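Q: To convert, take the position in the sequence shown, counting from 1, and add 1; that gives the numbering used here.
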Amino acid sequence: MADINTVGDRFADAPGRIGAVLEKLYGSLIEPGERRAGLDALRRLFDVDQLAVVCRSAEAPTQVSANLISDDTPRPEYEKHYVKSFCAVDPFVNLPVDRPLMVQEVMEERSWESHEFVQRFLRPMNVFHVLGADILTEPGTIYGVRLCRSRHAPRFSEDDRALFRKMLPHLRRFGQVHARLGRARMLEHVLNTLTEGVKLGAIILDSHSKVVHSAGLADMRLAERQDFYLSSGRLRASSRSNDQKLQRMLQLASSLADDGIEGESQAARFESSGGSLGITLRNLPLPAALDENAQTGTMVVFRDLDSETEISEANLIRLFGFTVAEARVARLLAQGLTIDEAAKRLAVSRNTLRTHLRALFLKSGTTRQSELMRTLVSSSTVFC
Numbered sequence: 002m003a004d005i006n007t008v009g010d011r012f013a014d015a016p017g018r019i020g021a022v023l024e025k026l027y028g029s030l031i032e033p034g035e036r037r038a039g040l041d042a043l044r045r046l047f048d049v050d051q052l053a054v055v056c057r058s059a060e061a062p063t064q065v066s067a068n069l070i071s072d073d074t075p076r077p078e079y080e081k082h083y084v085k086s087f088c089a090v091d092p093f094v095n096l097p098v099d100r101p102l103m104v105q106e107v108m109e110e111r112s113w114e115s116h117e118f119v120q121r122f123l124r125p126m127n128v129f130h131v132l133g134a135d136i137l138t139e140p141g142t143i144y145g146v147r148l149c150r151s152r153h154a155p156r157f158s159e160d161d162r163a164l165f166r167k168m169l170p171h172l173r174r175f176g177q178v179h180a181r182l183g184r185a186r187m188l189e190h191v192l193n194t195l196t197e198g199v200k201l202g203a204i205i206l207d208s209h210s211k212v213v214h215s216a217g218l219a220d221m222r223l224a225e226r227q228d229f230y231l232s233s234g235r236l237r238a239s240s241r242s243n244d245q246k247l248q249r250m251l252q253l254a255s256s257l258a259d260d261g262i263e264g265e266s267q268a269a270r271f272e273s274s275g276g277s278l279g280i281t282l283r284n285l286p287l288p289a290a291l292d293e294n295a296q297t298g299t300m301v302v303f304r305d306l307d308s309e310t311e312i313s314e315a316n317l318i319r320l321f322g323f324t325v326a327e328a329r330v331a332r333l334l335a336q337g338l339t340i341d342e343a344a345k346r347l348a349v350s351r352n353t354l355r356t357h358l359r360a361l362f363l364k365s366g367t368t369r370q371s372e373l374m375r376t377l378v379s380s381s382t383v384f385c
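1) Are the CB atoms of P77 and R162 within a distance shorter than 9 Å?
2) Could you check where the alpha helix (DSSP H) with D41 kicks off and where it finishes?
3) Considering only the alpha carbon of each residue, which of Q336, A335, G337 and V330 lies closest to A344?
4) Can you name, in chain order, every residue of its own chain whose Cβ lies under 8 Å from the Cβ of T324, other than the five neighbours on each side?
5) Should V383 go down as buried or exposed, given a rule of 16 or more other Cβ atoms within 10 Å for buried?
6) Taking DSSP as the reference, what is the three-state secondary structure of A238?
7) Under 8 Å, with one C-beta from each stretch per pair, do the region 224 to 241 and the region 200 to 215 reach the 3-pair mark?
8) With DSSP run on the structure shown, which of helix, strand or coil describes D244?
9) Let me know the secondary structure DSSP gives P97 once reduced to three states.
10) First and last residue of the beta strand (DSSP E) that includes D305?
11) Helix, strand or coil for S1 per DSSP?
12) Give me the Cα-Cα distance between S365 and V349, rounded to the nearest whole angstrom.
13) When you compare only the Cα positions, how much space is there between P286 and M300?
14) Residue range of the alpha helix (DSSP H) that Y79 falls in?
15) Please report how far the alpha carbon of L52 lies from the alpha carbon of C149, in whole angstroms.
16) Nearest chain B C-beta to S240 closer than 9 Å, yes or no?
17) When burial is assigned at 16 or more other CB atoms within 10 Å of the CB, is I31 buried or exposed?
18) Could you compute how far the alpha carbon of I70 sits from the alpha carbon of P62?
19) Within the continuous beta strand (DSSP E) that includes F416, where are the two ends?
20) Suppose the cutoff is 8 Å on Cβ atoms and the five residues either side in sequence are ignored; what does the same chain contact list for E117 look like?
21) Please work out which residues of its chain come closer than 6 Å, Cβ to Cβ, to L218, disregarding the five sequence neighbours upstream and downstream, and give them in chain order.
22) Label R173 either buried or exposed according to how many other C-beta atoms from any shown protein chain fall within 10 Å of its C-beta, with 16 as the threshold for buried.
23) Can you say whether V108 is buried or exposed, counting buried as having 16 or more other CB atoms within 10 angstroms of its CB?
24) Which first and last residues belong to the alpha helix (DSSP H) in which E110 is found?
25) Answer with buried or exposed for L306, where buried requires no fewer than 16 other C-beta atoms within 10 angstroms of its C-beta.
26) For S239 versus D228, is the C-beta distance shorter than 9 Å?
27) In this structure, does DSSP put Q51 in helix, strand or coil?
28) Return helix, strand or coil for G366, following the three-state DSSP convention.
29) Between which two residues does the alpha helix (DSSP H) containing A154 stretch?
30) Could you spell out the range, first to last residue, of the beta strand (DSSP E) harbouring D135?
31) Can you give me the C-alpha to C-alpha distance between M2 and E159, rounded to a whole angstrom?
32) Between H152 and the rest of its own chain, which residues show a CB-CB distance below 6 Å, the 5 nearest in sequence each way excluded?
33) Assign H209 to one of three DSSP states: helix, strand, or coil.
34) Straight-line CA distance for K25 to L377?
35) Please list, in chain order, all residues of the same chain as R222 whose beta carbon is under 7 Å from its beta carbon, the five residues on each side excluded.
36) Just checking my contact of N284 with E265 at CB under 8 Å: how many whole Å lie between their CB atoms?
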């Protein structure tokens with residue numbers, strides 16, 4: 002086996018080149034739009050025509066969640082074709098973990114050349130020689146990395162294999178960080194969507210009471226210094242009385258955290274020129290990514306108490322099976338209108354509206370108007 006530290010003249014400057022490639026590769030994690038640039042740098046390091054990364058289930062190889070191809074010519078249509086049709090017939094899968102293999106070590110070259118996967122998928126991309134490795138990035142998740150060359154290009158050598166093996170730990174770490182960042186971005190998107198839908202603001206403070214994340218109405222209010230602002234990274238309320246109340250709540254949260262008490266909530270009502278805000282503070286453990294000592298932080302959630310709850314009639318119809326007329330009545334009642342006010346708004350009689358109300362009780366599984374209102378308002382978060 003070749004010495005991975007002296008893998009031939011072509012790789013004499015490999016350490017310096019690897020450092021530059023890793024900088025590009027890990028930098029692409031921070032800027033998702035640069036992901037292909039990172040793979041392109043990796044492709045040039047290996048001196049191959051194409052480089053493919055396939056994320057698949059370890060238990061079911063045909064369950065592919067992502068496929069990226071680095072090429073001088075972008076090939077998004079081939080990425081989609083692989084996931085949709087060709088992953089099921091790819092014979093170069095289920096490789097031993099962390100062991101770079103050439104395709105000729107898995108099957109005879111004649112069988113490879115005549116295989117449907119090569120004929121219909123690889124040949125149109127001018128690919129024949131493949132060196133691949135399967136990397137277990139997380140339990141149940143395989144990153145399949147495939148280095149590809151045309152038939153007329155040099156076959157992969159032991160030097161190529163040695164360099165590939167040297168890069169495997171970095172590629173594994175890249176896959177792990179990529180997966181975790183993907184989940185974090187997904188959760189952030191979900192949080193932003195939820196807080197916007199129900200008119201909530203959320204702010205996460207670290208163990209030093211400094212803001213590490215904000216979402217929903219909080220972003221806008223902090224940017225406009227409306228009710229809240231940042232001072233040296235710390236959360237402050239705009240009015241003196243509200244700020245005194247907020248700082249007392251934060252001090253209590255800090256004391257509870259020092260005593261090892263998590264999950265305790267505090268609530269208060271803040272009055273301002275813009276209306277009333279309901280404020281809730283809750284201690285929660287922070288991951289190391291937000292607080293390097295992984296200590297307890299604080300989540301501050303607030304809601305505009307004077308704003309009307311937005312309820313979609315279309316969503317009420319889908320969720321409860323209301324008719325169009327019933328959904329209109331439900332939306333008006335949820336906004337706080339009385340039966341008489343709703344009847345007047347809809348230009349119907351009081352008796353007609355009461356008929357609709359009985360249908361609302363039946364379809365929502367409620368028996369009292371107050372119970373119906375709670376159900377309708379709660380349902381607004383389902384489709385926010």
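Quick reminder that beta carbons are idealized off the backbone N, C-alpha and C, glycines included.
All figures in this text were calculated on a predicted structure; none of them were measured in a lab.
A: A quick look at the data gives this:
1) The sequence position of residue 162 within the sequence shown is 161, counting from 1. The sequence position of residue 77 within the sequence shown is 76, counting from 1. No, Cβ-Cβ distance for R162 and P77 is not below 9 Å.
2) The residue labelled residue 41 in the question sits at position 40 within the sequence shown. Looking at the DSSP string, the run of the alpha helix (DSSP H) that includes D41 is R36 to F47.
3) Residue 344 sits at position 343 when you count from the first residue of the sequence shown. Nearest option by C-alpha distance: V330.
4) Here residue 324 refers to the residue found at position 323 of the sequence shown. I318 and A360, listed in sequence order.
5) Within the sequence shown, the letter at position 382 stands for residue 383. Because V383 carries a pLDDT of 47, less than 50, the predicted location of this residue cannot be relied on, and the following value inherits that uncertainty. Classification of V383: exposed, given that the 10 Å Cβ count is below 16.
6) Residue numbering aside, residue 238 sits at position 237 when the sequence shown is read from its first letter. DSSP places A238 within a strand segment (E or B) once states are collapsed to three.
7) Touching, yes, given that three or more Cβ pairs across the two stretches are closer than 8 Å.
8) For the purposes of this step, residue 244 is taken as residue 243 along the sequence shown, with counting starting at 1. In this structure, DSSP gives D244 a helical state, which the three-state scheme calls helix.
9) Mapped onto the sequence shown, residue 97 falls at position 96. Here P97 sits in coil by DSSP.
10) Here the question's residue 305 lines up with position 304 in the sequence shown. Taken as a continuous stretch (DSSP letters only), the beta strand (DSSP E) holding D305 covers T297 to D305.
11) Residue coverage of the chain in this structure runs from 2 to 385, which leaves residue 1 outside it and unanswerable.
12) Within the sequence shown, residue 365 is the residue found at index 364, counting from 1. Within the sequence shown, residue 349 is the residue found at index 348, counting from 1. So the two alpha carbons sit approximately 22 Å from each other.
13) Residue numbering aside, residue 286 sits at position 285 when the sequence shown is read from its first letter. Residue numbering aside, residue 300 sits at position 299 when the sequence shown is read from its first letter. Between P286 and M300, the C-alpha separation is close to 10 Å.
14) The residue you call residue 79 lines up with position 78 of the sequence shown. DSSP places Y79 inside the alpha helix (DSSP H), whose first and last residues are P77 to H82.
15) As a working mapping, residue 52 is identified with position 51 in the sequence shown. As a working mapping, residue 149 is identified with position 148 in the sequence shown. One C-alpha to the other measures close to 6 Å.
16) No chain B appears in this structure, which consists of one protein chain only.
17) The count along the sequence shown starts at 1 and reaches residue 31 at position 30. Exposed.
18) Sequence index remark: in the sequence shown, residue 70 carries index 69 (1-based). Sequence index remark: in the sequence shown, residue 62 carries index 61 (1-based). P62 has its alpha-carbon roughly 18 Å from the corresponding atom of I70.
19) Since the displayed the chain opens at 2 and closes at 385, residue 416 lies outside it and no answer follows.
20) On the sequence shown, residue 117 is found 116 positions in, with the first residue counted as 1. In its chain, beyond the 5 residues on either side, V90 have a beta carbon closer than 8 Å to the beta carbon of E117.
21) Locating residue 218 in the sequence shown gives position 217, counting from the first residue. Close CB contacts of L218 within its chain, under the 6 Å cut and outside five residues either way in sequence, are with G202 (chain order).
22) Position 172 of the sequence shown holds residue 173. By the Cβ-count criterion, R173 is buried, with 16 or more other Cβ atoms from all chains shown falling within 10 Å of its own Cβ.
23) Counted from its first residue, the sequence shown places residue 108 at position 107. Checking the sequence, you will find Met at residue 108 rather than Val. With fewer than 16 other CB atoms across the displayed protein chains lying within 10 angstroms of its CB, M108 is exposed.
24) Position 109 of the sequence shown, counted from the first residue, corresponds to residue 110. Residue range E110 to S115 is occupied by the alpha helix (DSSP H) that includes E110.
25) The residue given as residue 306 occupies position 305 in the sequence shown. It counts as exposed.
26) On the sequence shown, residue 239 is found 238 positions in, with the first residue counted as 1. On the sequence shown, residue 228 is found 227 positions in, with the first residue counted as 1. In contact: S239 and D228 (Cβ atoms closer than 9 Å).
27) Within the sequence shown, residue 51 is the residue found at index 50, counting from 1. In the displayed model, Q51 falls within a strand according to three-state DSSP.
28) Residue mapping note: residue 366 aligns to position 365 of the sequence shown, counting from 1. The answer is coil: DSSP assigns G366 none of H, G, I, E or B.
29) Here residue 154 refers to the residue found at position 153 of the sequence shown. Following the DSSP letters along the chain, one finds A154 in no alpha helix (DSSP H), marked with neither H nor E.
30) For the purposes of this step, residue 135 is taken as the residue at position 134 of the sequence shown. Element bounds for D135: H130 to E139.
31) Position 1 of the sequence shown, counted from the start, is the residue given in the question as residue 2. Position 158 of the sequence shown, counted from the start, is the residue given in the question as residue 159. Note that M2 scores 40 on pLDDT, short of 50, meaning its location in the model is unreliable; the coordinates nonetheless yield the value given after this. A direct Cα-Cα distance of roughly 7 Å separates M2 from E159.
32) To locate residue 152, count along the sequence shown from 1; it is residue 151. Residue identity differs from the one stated: residue 152 is Arg in this sequence, not His. Its chain contains F129 as the residues whose beta carbon lies nearer than 6 Å to that of R152, once the 5 sequence neighbours on both sides are disregarded; these appear in chain order.
33) For this step, residue 209 is matched to residue 208 along the sequence shown. Reduced to three states, the DSSP call for H209 is coil.
34) For the purposes of this step, residue 25 is taken as residue 24 along the sequence shown, with counting starting at 1. For the purposes of this step, residue 377 is taken as residue 376 along the sequence shown, with counting starting at 1. Spanning the two alpha carbons is a distance of roughly 50 Å.
35) Mapped onto the sequence shown, residue 222 falls at position 221. Same-chain partners within the cutoff: G202, D228 and F229.
36) Stepping through the sequence shown from its first residue, residue 284 is reached at position 283. Stepping through the sequence shown from its first residue, residue 265 is reached at position 264. Contact flag correct, Cβ pair sits at about 6 Å.
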